[in-house]
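Reviewing the structure listed below.
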């Protein structure tokens, strides 16, 4: 990744009649970055991607690619290529001709054949040039789509939900492969996804979108630890959100009274504003200690009852009813040596460290 | 139990269609073949098998001439109709908002009888017809044009109009099936709209074009109403000759022979066409 901006969006807006599909989008993407646009369906992330690709024109604002204003530049003249959600493999062409599609008439045949072979090797489909489009599996189609776009040597590769059509195992494998490919090529990837895990495992940075607005742009770790509001907090991973009272602040630390968990010192989240005494905090399910006996070394402990238990294999999820909290608290415990096993109705203790608590400020959305 | 087996259920379901085809297509065809080997002796039939009808028919320059002209006219009708139908189908499939209404509008000519439509063309193209009157009123011509009616042109025009919906519908269906993201992918890979049409849309609609061509070509070769009404002597086709054999000439065996020769010619042309069109489609990359 370099410091050079390859894509700059300035106040980009897309309006359909009275409906704002995207508005006020300001975004700088670095050369060689893997960037994900993450959000629920209908949040406008695909619209943003398609405005970069040139399939849709913004109703306001500017799209710059490599410093060039893209206004009026049709999709076929932009230095971007796209991997479509459906993969859009041409059914009347075999694998080799699909991959060669964009080069036909632009390079001599010998060079095309060589580049097709290289591109297919790159996506581990070497030698499958003559395979018909209808004889491909879902994963192979995805690879062909990738090779067909990458052979064009785009400045930016756009990926519209590239993995959503694959089954879970293949999806996880492709996540790593695509990440490796992106890093070895050094091309900027912009991926649209609604899958937070996909976004987190693959991206250098993630932009979270809700209702046509870009809510937060950060690295996966920052998004996870310092979300800018409740919406982002609960979209990225699971989150217990609890009301709390602000008691006082010293420098970077806040002293709060959290429902059920009592008085606790937490770190201030620079991404949120705290303008009144009433605020919210977030606790990740895996950040809570659960034990049969009252745990020591925890500044805050609370007793509760198991209302639900779900076994996930690598970890176990519990719902714990606690006096003073409206909703049960979610707790996730690694299935460490298979020693944790609480049943519904068991009385348990929860332990909490101040460092595990996320300050969500006073927003009340 | 036997009624529950997959196969017997299939036979049961297809029985009416099989019976229909058997009695109304296969049986008459067999009778036709039988006739073609017999000889007409005034009012009776000589049922001694002979190939004389075939040798007579193939040796007759009139038969050859009419057969070639029929294929030529049907080919022209096919080309004209498909060329006119493609843009309409494209518009409905790709651009139109209310597709159902457009498709309904296209079928409107069928709400009136075919004969009426042919007579309407006679009124339009005739010596004192709509076209000539209008052109004369506008002062574009001094006397009526006489090349509008009673020739090949009139036959092609009338048939192209009559068959247009049969070309529009299969092409529309094949256009409708194209995944829009394929077109976006072509654009994304650098194609201009025209390149995209030639490299994606057209090859993907070849099955629809082939279907449209066959649907039009095969029946028009054997059409006899249109050439009889608007074709004049220049526009006569093979079916007019066949009709004469079964009617005025009262030579059913020769009529049957001519029918079979026409069928085989049409079949041959159709097969060559399908193979060529498919191969051409495969060449597009």
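Residue numbers (the numbering used here), protein chains in the order written: chain B, 179 to 543; chain P, 2 to 286. By construction, the Cβ of each residue, glycine as well, lies at the ideal position given by its N, Cα and C atoms.
- Task: Below 7 Å CB to CB, which residues in the same chain sit around residue 374 (chain B) once its five sequence neighbours on both sides are set aside?
- Result: For the purposes of this step, residue 374 (chain B) is taken as the residue at position 196 of the first chain. Hits under 7 Å: 216, 413, 414 and 415.
- Alpha carbon to alpha carbon, how far is residue 480 (chain B) from residue 429 (chain B)? To locate residue 480 (chain B), count along the first chain from 1; it is residue 302. To locate residue 429 (chain B), count along the first chain from 1; it is residue 251. In a straight line, the C-alpha of residue 480 (chain B) is about 28 Å away from that of residue 429 (chain B).
- When DSSP labels each residue in this structure, what does residue 60 (chain P) get in the three-state scheme? Along the second chain, read from residue 1 onward, the residue named residue 60 (chain P) stands at position 59. Residue 60 (chain P): helix per DSSP, three-state reduction.
- Item | residue 527 (chain B) - partner residues in DSSP beta bridges | The residue you call residue 527 (chain B) lines up with position 349 of the first chain. According to DSSP, residue 527 (chain B) bridges with B:469 and B:481.
- Compare the C-beta of residue 268 (chain B) with all C-beta atoms of chain P and state if any pair is closer than 8 Å. If you number the first chain from 1, residue 268 (chain B) lands on position 90. Answer yes: the Cβ-Cβ gap between residue 268 (chain B) and chain P drops below 8 Å somewhere.
- Message: For chain B, check one thing: does any of its Cβ atoms lie closer than 8 Å to the Cβ of residue 284 (chain P)?
- Response: Numbered from its first residue, the second chain carries residue 284 (chain P) at position 283. Answer no: the Cβ-Cβ gap between residue 284 (chain P) and chain B never drops below 8 Å.
- Query: If you scan the segment 198-267 of chain P from start to end, which runs of the alpha helix (DSSP H) of 4 or more residues do you find wholly inside it?
  - Reply: 203-222, 226-231 and 239-247
- Task: Check whether the Cβ atoms of residue 165 (chain P) and residue 278 (chain P) lie closer than 8 Å to each other.
- Result: As a first step, residue 165 (chain P) must be located in the second chain, where it is residue number 164. As a first step, residue 278 (chain P) must be located in the second chain, where it is residue number 277. Contact flag unset, no.
- Query: Which of the residues in the segment 226-260 of chain B, read from start to end, lie with their CB under 7 Å from any CB of chain P?
  - Reply: 231, 233, 253, 254, 259 and 260
- Query: residue 435 (chain B) by DSSP, collapsed to three states: which one?
  - Reply: The sequence position of residue 435 (chain B) within the first chain is 257, counting from 1. Note: residue 435 (chain B) maps to strand in three-state DSSP.
- Item | Separation of residue 243 (chain B) from residue 190 (chain B), as counted between CA atoms | Along the first chain, one-based indexing puts residue 190 (chain B) at 12. Along the first chain, one-based indexing puts residue 243 (chain B) at 65. The alpha-carbon atoms of residue 190 (chain B) and residue 243 (chain B) are separated by roughly 13 Å.
- What is the DSSP secondary structure of residue 322 (chain B), counted as helix, strand or coil? Here residue 322 (chain B) corresponds to residue number 144 of the first chain, with the count starting at 1. Of the three classes helix, strand and coil, the one that applies to residue 322 (chain B) here is helix, per DSSP.
- Message: For residue 264 (chain B), would you say it is in contact with chain P, using Cβ-to-Cβ distances shorter than 8 Å as the test?
- Response: Here residue 264 (chain B) corresponds to residue number 86 of the first chain, with the count starting at 1. True, the Cβ-Cβ gap to chain P drops below 8 Å.
- Query: Anyone know if the C-beta pair for residue 484 (chain B) and residue 524 (chain B) falls short of 8 Å?
  - Reply: Position 306 of the first chain, counting from 1, holds the residue named residue 484 (chain B). Position 346 of the first chain, counting from 1, holds the residue named residue 524 (chain B). Yes, they are a contact pair.
- Item | Pair within 8 Å by beta-carbon distance, residue 255 (chain P) and residue 20 (chain P) | On the second chain, residue 255 (chain P) is found 254 positions in, with the first residue counted as 1. On the second chain, residue 20 (chain P) is found 19 positions in, with the first residue counted as 1. No, these two residues do not count as a Cβ contact at 8 Å.
- Hey, could you find the ends of the alpha helix (DSSP H) residue 289 (chain B) is sitting in? Locating residue 289 (chain B) in the first chain gives position 111, where the first residue counts as 1. Element bounds for residue 289 (chain B): 287-300.
- Query: What did DSSP end up calling residue 372 (chain B) once you bin it into helix, strand or coil?
  - Reply: To locate residue 372 (chain B), count along the first chain from 1; it is residue 194. In the structure shown, residue 372 (chain B) sits in coil (DSSP, three-state: anything other than H, G, I, E or B).
- Message: To the nearest angstrom, how far is the alpha carbon of residue 326 (chain B) from that of residue 511 (chain B)?
- Response: As a position in the first chain, residue 326 (chain B) is number 148, starting the count at 1. As a position in the first chain, residue 511 (chain B) is number 333, starting the count at 1. Cα to Cα, the separation comes out at about 43 Å.
- Checking contacts by CB at 8 Å: is residue 192 (chain P) closer than that to chain B? What you label residue 192 (chain P) is simply residue 191 of the second chain in a count that begins at 1. So yes, residue 192 (chain P) belongs to the interface.
- Skipping 5 residues on each side, what residues in its chain have a beta carbon closer than 6 Å to that of residue 437 (chain B)? Locating residue 437 (chain B) in the first chain gives position 259, where the first residue counts as 1. Cβ within range, chain order: 420, 421, 502 and 503.
- Message: Can you list, in chain order, the residues of its chain with a C-beta nearer than 6 Å to that of residue 294 (chain B)? Leave out the 5 residues immediately preceding and following it.
- Response: The sequence position of residue 294 (chain B) within the first chain is 116, counting from 1. Once the five neighbours on either side are set aside, the close Cβ partners of residue 294 (chain B) are 274, 277 and 278.
- Item | Those residues which DSSP pairs with residue 408 (chain B) across a bridge | By one-based count along the first chain, residue 408 (chain B) stands at place 230. In DSSP, residue 408 (chain B) forms no bridge with anything.
- Task: Flag this pair as touching only if the segment 264-274 of chain B and the segment 317-331 of chain B have three or more C-beta atom pairs under 8 Å; answer yes or no.
- Result: yes
- Message: According to DSSP, residue 593 (chain B) sits in a beta bridge with which residue or residues?
- Response: Chain B is shown only over 179 to 543; residue 593 (chain B) falls outside these bounds and no answer can be derived.
- List, in order along the chain, the chain B residues whose C-beta lies closer than 9 Å to that of residue 176 (chain P)? As a first step, residue 176 (chain P) must be located in the second chain, where it is residue number 175. Result: empty, since nearest Cβ-Cβ is about 14 Å, beyond 9 Å.
- Which of helix, strand or coil DSSP assigns to residue 41 (chain P): Mapped onto the second chain, residue 41 (chain P) falls at position 40. Of the three classes helix, strand and coil, the one that applies to residue 41 (chain P) here is strand, per DSSP.
- Simplified DSSP state of residue 384 (chain B), which is helix, strand or coil: Taking the first chain and counting its residues from 1, one reaches residue 384 (chain B) at position 206. Looking at residue 384 (chain B) - three-state DSSP - the assignment turns out to be strand.
- Quick one: is the Cβ of residue 10 (chain P) within less than 7 Å of any heavy atom of the ligand ZN? Inclusion of the ligand ZN in the displayed structure is not the case, the ligand content being empty and no account of it being possible.
- Task: Could you work out which residues of chain D lie near residue 330 (chain B), taking near to mean beta carbons separated by less than 7 Å?
- Result: Considering every chain present, this structure includes no chain D. Its protein chains are B and P.
- Over what stretch of residues does the beta strand (DSSP E) that includes residue 419 (chain B) continue unbroken? The count along the first chain starts at 1 and reaches residue 419 (chain B) at position 241. Here the beta strand (DSSP E) through residue 419 (chain B) covers 418-428.
- Proximity below 8 Å, CB of residue 353 (chain B) to CB of residue 380 (chain B): Taking the first residue of the first chain as position 1, residue 353 (chain B) is located at position 175. Taking the first residue of the first chain as position 1, residue 380 (chain B) is located at position 202. In contact: residue 353 (chain B) and residue 380 (chain B) (Cβ atoms closer than 8 Å).
- Tell me where the beta strand (DSSP E) around residue 260 (chain B) begins and ends. For the purposes of this step, residue 260 (chain B) is identified with residue 82 of the first chain, where counting begins at 1. Taken as a continuous stretch (DSSP letters only), the beta strand (DSSP E) holding residue 260 (chain B) covers 258-261.
- Is residue 215 (chain B) helix, strand or coil by DSSP? If you number the first chain from 1, residue 215 (chain B) lands on position 37. In the structure shown, residue 215 (chain B) sits in a strand (DSSP, three-state: E or B).
- Among B:285, B:315, B:538 and B:299, which has the Cα closest to the Cα of residue 330 (chain B)? Numbered from 1 along the first chain, position 152 holds the residue referred to as residue 330 (chain B). Out of B:285, B:315, B:538 and B:299, B:285 has the C-alpha closest to the C-alpha of residue 330 (chain B).
- Would you verify that the beta carbon of residue 282 (chain B) is, or is not, closer than 8 Å to some beta carbon of chain P? On the first chain, position 104 is the one that residue 282 (chain B) refers to. So yes, residue 282 (chain B) belongs to the interface.
- Message: When you compare the segment 205-216 of chain P with the segment 174-189 of chain P, are there three or more beta-carbon pairs, one atom per stretch, that lie closer than 8 Å?
- Response: yes
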